[in-house]
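A.B. asks: A single structure is presented below for examination.
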Amino acid sequence: MSPSRGLRFIHLPRHVTSIRNYSTTPAPKSPIELLRLSPHRLHIYRSNSTNPFFNLSAEDYLLRHSPASSTLLFTYTNTPSIIIGRNQNIWSEVNVPLLNTPEYNSTVQLVRRRSGGGTVYHDLGNLCWSVIMPRKSFDRDFYANVVVKALHSMEVNTAMVNDRHDIILRRLTTSPDTGKVRMRDKKVSGSAYKIIRERAYHHATLLLNSDLANISALLRSPLKEFITTKGVESVRSPVENIGVEKEELVEKIEEEFLKANEWKEGEEEVVRVTLEEEETLKARDYIREGMMELQSQKWLYSQTPEFTLSLPPGKPLPELPSLPGFQPVLPTTSKLTLLSTTSTLQNIQISSSPDPSFSFVQSQESHIRLLNTPFNGPQINQKLQEINSLPDDFKQDVGRWLEHAIGGWGGEENVDLWSDGKGGKSLRLRAAEKKEEERRRRIKESRRNYRVKQRTPVIQKNQVAPSQTKDITTTPEQ
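Using the UniProt record's numbering, the first residue of the sequence shown is number 1, and each one after it goes up by one.
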């Protein structure tokens, strides 16, 4: 409506001359903005983005902001990326030297997700599916079997769920020599899970037409045999592509999802949403902040559980892609052990001398020089060269190999997760403060209840309460 319309004059105090009434209509909200208050039981979301940081952050938003009683299916595809579990060690799971070569450095992303489980490889030939549900409905096999039914409807009849809750293709082969029937399982889907207070999700991959050579090459770390970690280790399995069209499979999965939830057409509405990255980020700061967190060095590296790297003496170290033909051998009298907590060196023992006394001196100096150094290849090499008690050739060879084997750190170095970029608090900071207030409130209430309980006298069995004694009187016989 034009501002001039609806204008009326009334009797006003002298300092006020007129009032204008404007008729305004608020802009319609997008489905993701209305998600929390949605009355619908079933939701189907698809993402048009192939950005792994966006899709994983959108998934986390859907987990935390969908109605507690709703069930939601979310499908998406990512550009080439290595996705490690929240409690995993990058250097034990990923071929970092290969990832840092020009062939992969600009094309493959390294991402740490928010759920547990093992490391997986994503590309455009892989389909990711996620079902977000009430916590009481969580089951590790239920929705995996829903996806299996979708595959069966596309004549992939060898698909099934194994004891590890993964989807496999099981084939029986007969040996031409012995005639024995052998069972051959190939993994096509790996699962991970996350459970919060009222909600849970089961998300997984599906290898449709993925680059299997990249999976084999990028998920084999040259440092794995030298690392002892408190984190979760991936279980390796032979893999295979299913070889079906993604668009058709997504439709079949959505059909089976609705059947599994006993949906009846015409009786219940299903919310269907397609997420566009740019529009969604404008509407939801939570997702934008989540993307910033996933891309930060603090999240990617400092989440690493405690681990120890120990290089063996007297054996050639593995050849690295960036150092062809270079395999240094540590002296038989040497020792090299690095203990890291949150990707920071906390205990260092590096020595090469056969003399126990001088070996102790070398270990002490190496610990002092490298203490609190990030587990970062170039930085470790730089500090290693400053150890005066170690021979120069030892420092140069070991330092050069460690620099390439460990690699530098990617991701964003200075990310402020507590500011919204406009001078205010981020959603995560406000949520953390709210959680802290709730924790303090529960502690205060618990203490108050404890004090009340302490002041209340305990009445033993057959004992009369003080408040009741005044009612008990002895009446003389009349």
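Note that CB positions come from ideal geometry on N, CA and C, so glycine has one too.
#1: Evaluate LEU207 with the Cβ neighbour count: other Cβ atoms within 10 Å of its Cβ, from every protein chain shown; 16 or more gives buried, anything less gives exposed.
#2: Do HIS43 and CYS128 have their beta-carbon atoms positioned less than 8 Å apart in this structure?
#3: Quick check on TYR45: buried or exposed, where buried means 16 or more other Cβ atoms within 10 Å of its Cβ?
#4: Let's see if you can read the secondary structure: which residues bound the beta strand (DSSP E) around HIS203?
#5: For ASN214 and ALA144, I'd like the C-alpha separation in whole angstroms.
#6: Which partner residues does MET160 have in the DSSP bridge list?
#7: Once you ignore the five residues that flank ASP177 on each side, which residues in its own chain have a CB closer than 6 Å to its CB?
#8: Relative to the C-alpha of LEU339, which residue among THR333, ILE253, LEU330, ILE350 is closest?
#9: Does the beta-carbon distance from ILE242 to VAL188 come in below 8 Å?
#10: Find out if the Cβ-Cβ distance for the pair LEU56, VAL111 is shorter than 8 Å.
#11: For ASN414, which of GLN295, SER38, ARG441, LEU223 has the nearest alpha-carbon?
#12: Which runs of the alpha helix (DSSP H) spanning at least 4 residues fall entirely within the stretch 91-129, listed in chain order?
#13: To test your reading of the DSSP string, which unbroken alpha helix (DSSP H) runs of 4 or more residues are found completely within the stretch 345-431?
#14: Just how far apart, CA to CA, sit TYR76 and LYS425?
#15: Helix, strand or coil: how does DSSP classify SER446 here?
#16: Could you compute how far the alpha carbon of GLU251 sits from the alpha carbon of ASN126?
#17: Tell me the DSSP bridge mates of ILE215?
#18: In angstroms with no decimal places, state the Cα-to-Cα distance between LEU336 and ALA200.
#19: How big is the Cα-Cα spacing for PRO78 and GLU269?
#20: Assuming HIS65 is part of the alpha helix (DSSP H), what are its boundary residues?
#21: Using only alpha-carbon positions, find the residue among SER70, HIS65, GLN454 that is nearest to ASN261.
#22: Using only the alpha-carbon positions, how far apart do LYS470 and SER446 sit?
#23: Taking 8 Å as the cut-off, does the stretch 218-235 touch the stretch 94-104 (at least 3 CB pairs, one atom from each stretch)?
#24: Is the closest heavy atom of the ligand GDP to the C-beta of LEU323 under 7 Å?
#25: What did DSSP end up calling LYS335 once you bin it into helix, strand or coil?
#26: Quickly, what does DSSP pair MET133 with across the bridge? List them, please.
#27: Can you name the start and end residues of the beta strand (DSSP E) that LEU73 belongs to?
#28: Check ILE84 in the structure and name its three-state DSSP category.
#29: So the beta strand (DSSP E) ILE287 belongs to, where does it begin and stop?
#30: Which residue from PHE53, LEU275, THR304 puts its Cα closest to that of VAL74?
#31: Report the rounded CA-to-CA distance for VAL80 versus THR50, giving the unit in angstroms.
C.D. replies: On the basis of the coordinates in this document:
#1: On the sequence shown, residue 207 is found 207 positions in, with the first residue counted as 1. LEU207 is buried by the Cβ-count criterion.
#2: On the sequence shown, position 128 is the one that residue 128 refers to. On the sequence shown, position 43 is the one that residue 43 refers to. In this structure, HIS43 does not lie closer than 8 Å to CYS128 by Cβ.
#3: For this step, residue 45 is matched to residue 45 along the sequence shown. TYR45 should be labelled buried.
#4: On the sequence shown, residue 203 is found 203 positions in, with the first residue counted as 1. HIS203 -> beta strand (DSSP E) spans 199-207.
#5: Position 214 of the sequence shown, counted from the start, is the residue given in the question as residue 214. Position 144 of the sequence shown, counted from the start, is the residue given in the question as residue 144. Cα to Cα, the separation comes out at about 25 Å.
#6: To locate residue 160, count along the sequence shown from 1; it is residue 160. ILE168.
#7: Here residue 177 refers to the residue found at position 177 when the sequence shown is read from its first residue. Nothing meets the Cβ criterion.
#8: Reading the sequence shown from its first residue, position 339 is the one you call residue 339. Ranking the options by Cα distance to LEU339, first place goes to ILE350.
#9: Residue mapping note: residue 242 aligns to position 242 of the sequence shown, counting from 1. Residue mapping note: residue 188 aligns to position 188 of the sequence shown, counting from 1. Cβ distance < 8 Å, so ILE242 and VAL188 count as in contact.
#10: By 1-based counting over the sequence shown, the position of residue 56 is 56. By 1-based counting over the sequence shown, the position of residue 111 is 111. In this structure, VAL111 lies closer than 8 Å to LEU56 by Cβ.
#11: Numbered from 1 along the sequence shown, position 414 holds the residue referred to as residue 414. With distances taken between Cα atoms, ASN414 lies closest to GLN295.
#12: 96-99, 102-105
#13: 356-370, 377-384, 392-406
#14: Locating residue 76 in the sequence shown gives position 76, counting from the first residue. Locating residue 425 in the sequence shown gives position 425, counting from the first residue. If I take the Cα positions, the gap works out to 31 Å.
#15: As a first step, residue 446 must be located in the sequence shown, where it is residue number 446. It is helical.
#16: The residue given as residue 251 occupies position 251 in the sequence shown. The residue given as residue 126 occupies position 126 in the sequence shown. For GLU251 and ASN126, the distance between alpha carbons rounds to 15 Å.
#17: Taking the first residue of the sequence shown as 1, we reach residue 215 at position 215. Per DSSP, none; premise fails for ILE215.
#18: Taking the sequence shown and counting its residues from 1, the one referred to as residue 336 is at position 336. Taking the sequence shown and counting its residues from 1, the one referred to as residue 200 is at position 200. Computed Cα separation, rounded: 43 Å.
#19: In the sequence shown, residue 78 corresponds to position 78, counting from 1. In the sequence shown, residue 269 corresponds to position 269, counting from 1. First, the residue type needs correcting, since residue 78 is Asn and not Pro in the sequence shown. Their Cα atoms are separated by approximately 29 Å.
#20: Sequence index remark: in the sequence shown, residue 65 carries index 65 (1-based). Here the alpha helix (DSSP H) through HIS65 covers 52-65.
#21: Taking the sequence shown and counting its residues from 1, the one referred to as residue 261 is at position 261. Of the listed residues, the one whose Cα sits closest to ASN261 is SER70.
#22: Counted from its first residue, the sequence shown places residue 470 at position 470. Counted from its first residue, the sequence shown places residue 446 at position 446. Model confidence at LYS470 stands at a pLDDT of 48, short of 50, so the residue's coordinates are unreliable; what they give is reported in the following sentence. Near 34 Å, if we compare the C-alpha coordinates of SER446 and LYS470.
#23: yes
#24: This structure lacks the ligand GDP, and indeed carries no ligand of any kind.
#25: Position 335 of the sequence shown holds residue 335. Correct three-state label for LYS335: strand.
#26: Position 133 of the sequence shown holds residue 133. ALA200, per the DSSP bridge assignment.
#27: On the sequence shown, residue 73 is found 73 positions in, with the first residue counted as 1. Element bounds for LEU73: 71-76.
#28: Indexing the sequence shown from 1 puts residue 84 at position 84. Residue state, collapsed to three classes: strand.
#29: As a working mapping, residue 287 is identified with position 287 in the sequence shown. Here ILE287 belongs to no beta strand (DSSP E); instead the alpha helix (DSSP H) covers 285-294.
#30: On the sequence shown, residue 74 is found 74 positions in, with the first residue counted as 1. The displayed chain sequence assigns Phe, not Val, to residue 74. Of the listed residues, the one whose Cα sits closest to PHE74 is LEU275.
#31: Residue mapping note: residue 80 aligns to position 80 of the sequence shown, counting from 1. Residue mapping note: residue 50 aligns to position 50 of the sequence shown, counting from 1. The displayed chain sequence assigns Pro, not Val, to residue 80. One C-alpha to the other measures close to 9 Å.
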